[in-house]
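For the sequence shown, counting from 1, position 53 maps to 111 in my numbering; every step adds exactly one. Yeah, the Cβ is synthetic: ideal placement off N, Cα and C, and Gly gets one too.
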Amino acid sequence: MTLTITQKKLTLYIREFLSRMNKGKKLYEGKAKIIYEGPEKGTGIQHFKDDATAFNNLKKSTVEGKGVLNNRISEHILNNLNQIGVKTHLIKRLNMREQLIKLCNIFPVEFIVRNIATGSLTKRLGIADGTVLSKPLIEFSYKNDDLGDPVISREHILEFGWVKDPITLDLIIERCLRINDFMQGMFRGVGIKLVDFKLEFGRSNIDNELMLADEISPDTCRLWDVSSEKKLDKDRFRKDLGNIVQAYQEVARRLGIIHEESNISSVKFGKPKAVNIKKK
Ligand SMILES: Nc1ncnc2c1ncn2[C@@H]1O[C@H](COP(=O)(O)OP(=O)(O)OP(=O)(O)O)[C@@H](O)[C@H]1O
Ligand SMILES: [Mg+2]
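As structure tokens, this is what we get:
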């Protein structure tokens with residue numbers, strides 16, 4: 059029997075083998091990501107899938123390439139946040155789909171920061187879509203899929219101990235605003251309006267430090283092109299607008315994470331010619 063295995067396939071198998079070697083047992087599989095035990099105590103591996111879901115899992119599909127892009131975009135943003143002193147769970151990106159992270163006890167609260175009214179806010183309160191808010195608006199929702207992640211107040215969070223003390227809650231809110239300021243500037247600089255986004259926080263299993271966890275990507279943000287207002291985020295999936303991966307790619311390209319192929323062209327050198335030195 060002759061083994062016919064192409065070099066490309068062999069590379070893929072080796073990569074897959076190496077990436078499995080690092081991973082411990084699966085700790086959690088969510089809609090968009092899988093969390094594995096990491097190589098050292100208190101670390102984890104966050105794997106980005108291509109699965110897309112919306113409306114609390116009612117709409118499901120696979121968007122080829124989404125996981126790779128979200129991994130890169132989230133790495134870029136969290137690295138920048140780490141650099142400006144906002145603690146995050148990201149240690150480093152490992153490969154196309156995986157990041158080494160600090161495992162956390164995640165507060166069961168989603169922190170939603172809004173700069174422009176859209177989505178559920180406009181439906182719940184009858185506010186016109188696209189209304190620019192006078193200052194960032196922070197909403198909280200209880201992370202519970204069975205209940206449909208209901209909107210809650212600060213008092214619910216403290217009463218039910220989802221975040222144990224008011225000082226920590228204030229610290230998280232302060233960080234949400236800092237992250238918003240940074241991200242608004244970063245996206246504006248590349249012609250994108252940061253409409254709203256969702257954050258998750260937790261305390262590190264290693265030293266109990268408060269940190270930003272999960273991901274920041276076009277799956278968790280609403281991003282509109284400044285001039286055309288074209289949506290460059292998961293709303294393309296929610297609203298069946300098509301070209302989802304192209305939109306995520308556009309975000310990555312504008313942030314300088316991936317480069318347009320058209321920019322990469324081989325430089326052609328002609329055959330070297332002998333230099334004729336004129337004799338005097
Ligand atoms: N550093 C971390 N340590 C532990 N868990 C984390 C960390 N970062 C993110 N998570 C959790 O890992 C899961 C990521 O999976 P995914 O985003 O697919 O979940 P999901 O389907 O959105 O479900 P849900 O967030 O409601 O659990 C989330 O539950 C998230 O809270
Ligand atoms: Mg999630």
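- Distances taken from the Cβ of K297 to the heavy atoms of ligand 2 include none shorter than 7 angstroms.
- Selection I225, V309 and P208 evaluated against K251 yields V309 as nearest (Cα-Cα).
- Separation of R311 and D204 (C-alpha to C-alpha, rounded to the nearest whole angstrom) is 37 angstroms.
- Within the DSSP secondary-structure output, C234 pairs in no beta bridge.
- In the DSSP assignment, Q104 is bridged to I93 and Q157.
- Note that the C-beta distance between V144 and V303 is not below 8 angstroms.
- Scanning the stretch 130 to 186 for uninterrupted beta strand (DSSP E) segments of 3 residues or longer gives 148 to 151, 156 to 160, 162 to 164 and 167 to 174, listed from N- to C-terminal end.
- Per DSSP, D293 is one residue of the alpha helix (DSSP H) stretching across D293 to R296.
- The continuous alpha helix (DSSP H) containing I215 extends over residues R212 to E217.
- V284 is not bridged by DSSP to any residue.
- K256 and K89 have their C-alpha atoms some 15 angstroms from each other.
- Residue pairing from DSSP places L270 in a beta bridge opposite T146 and F259.
- DSSP places I196 inside the beta strand (DSSP E), whose first and last residues are V190 to Y200.
- Buried is the label assigned to S262, since at least 16 other Cβ atoms lie within 10 Å of its Cβ.
- At a cut-off of 7 angstroms, the beta-carbon of H105 does not count as near ligand 1: no heavy atom of the ligand is closer than that.
- Contact between the stretch 131 to 141 and the stretch 212 to 219 is absent, with fewer than three C-beta pairs closer than 8 angstroms.
- With respect to the C-alpha of L281, the residue from E273, K292 and A271 having the closest C-alpha is K292.
- Inclusion of C162 in the 7 angstroms shell around ligand 1 follows from its C-beta lying nearer than that to a non-hydrogen atom of the ligand.
- Of the residues assessed, K84 falls on the exposed side of the cut-off, its CB having fewer than 16 other CB atoms within 10 angstroms.
- In this structure, K150 lies near L158, with their beta-carbon atoms less than 8 angstroms apart.
- Annotation for E308: no beta strand (DSSP E) segment contains it, though the alpha helix (DSSP H) segment containing it runs I302 to R312.
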